[in-house]
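Novice: So the number in the numbering used here is just where the residue sits in the sequence shown, counting from 1, plus 34. If you scroll down you'll find the structure; I have some questions about it.
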Amino acid sequence: MVARLVLVRPDGERGHCRNDGLGTTLPRMKRSAALSILLLVVAAGGQAQQHSTSSRPPALPPVAYLEGTHAADALKQIRAKAGEPFRVLEIHILEHFMKVEVLDPKKQENVVVYNVLGGQIDGPSPFRLRNEHDHPFDPSEVALDKIAVLVREAGKKVVLEGRAPLPTVFIRRDGWEPHASMDFYYSGTRTGRSLLTDQNGEHGIVY
35 MVARLVLVRP DGERGHCRND GLGTTLPRMK RSAALSILLL VVAAGGQAQQ
85 HSTSSRPPAL PPVAYLEGTH AADALKQIRA KAGEPFRVLE IHILEHFMKV
135 EVLDPKKQEN VVVYNVLGGQ IDGPSPFRLR NEHDHPFDPS EVALDKIAVL
185 VREAGKKVVL EGRAPLPTVF IRRDGWEPHA SMDFYYSGTR TGRSLLTDQN
235 GEHGIVY
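Now the structure itself:
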């Protein structure tokens, strides 16, 4: 394939640049003049790319949801945003991320989800329809302010080959239980193990 580029000098003379895949020839224009024009084009493109990069929003600073009261604070924000009655089906808490499945207060056959990252609440987003296996609970009955203490306790009690440094916390209510429970799950090389407590963070067992 032969590509032809027409370059116009300030004095009006037209130069032709042919590229046939074997090299570029400039029979009617000095290479130095053509090179100057090409450098200007490249510089302008670089400035546009730099402007595009600098206009991106900065990344959100991480929030450690397994420490302090960050998880409890996030649930309060979600509750204020969702409205009442506020009933939750499941809460997932990771080191820097949370996911909360909530019954839509306005239409409780619908389940919506809220995601929390960097202190920002995203949602509600449609998730699925409620079914007979769902067992909602009020998260205010769960000792979320004890998350950090319980993570340290789980770290001492759960012994596992190749154990992950931090657990994933699952908070849910099983159908045969009147209240929610907290499950501090660690993954390992071959399997996983958990510290399971009641809603008050008590009577913990490792399984």
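Glycine residues also receive a C-beta, built at the ideal position from the N, C-alpha and C atoms. In this text the structure is predicted, and so the values were computed from the model without any measurement.
(1) Is Ser-221 near Gln-233, with beta carbons less than 9 Å apart?
(2) Nearest to Leu-163 by CA position, among Ser-174, Glu-175, Gly-152, Val-147, is which residue?
(3) Taking 8 Å as the threshold, find out whether the segment 169-182 comes into contact with the segment 119-132 through three or more Cβ pairs.
(4) In whole angstroms, what separates the C-alpha of Val-203 from that of Phe-218?
(5) If you run the structure through DSSP and keep just helix, strand and coil, what is Arg-113?
(6) Do Val-193 and Pro-201 come within 9 Å of each other at the CB atom, strictly closer than that value?
(7) Are the beta-carbon atoms of Arg-121 and Phe-171 separated by less than 9 Å?
(8) Could you compute how far the alpha carbon of Asp-208 sits from the alpha carbon of Leu-123?
Specialist: Let's see:
(1) No, they are not a contact pair.
(2) Ranking Ser-174, Glu-175, Gly-152, Val-147 by Cα distance to Leu-163 puts Val-147 first.
(3) These segments touch.
(4) Taking the straight line joining both Cα atoms gives about 5 Å.
(5) Helix, per DSSP.
(6) Contact annotation: Pro-201 and Val-193 have beta-carbon atoms that are not nearer than 9 Å.
(7) Note that the C-beta distance between Arg-121 and Phe-171 is below 9 Å.
(8) Cα to Cα, the separation comes out at about 10 Å.
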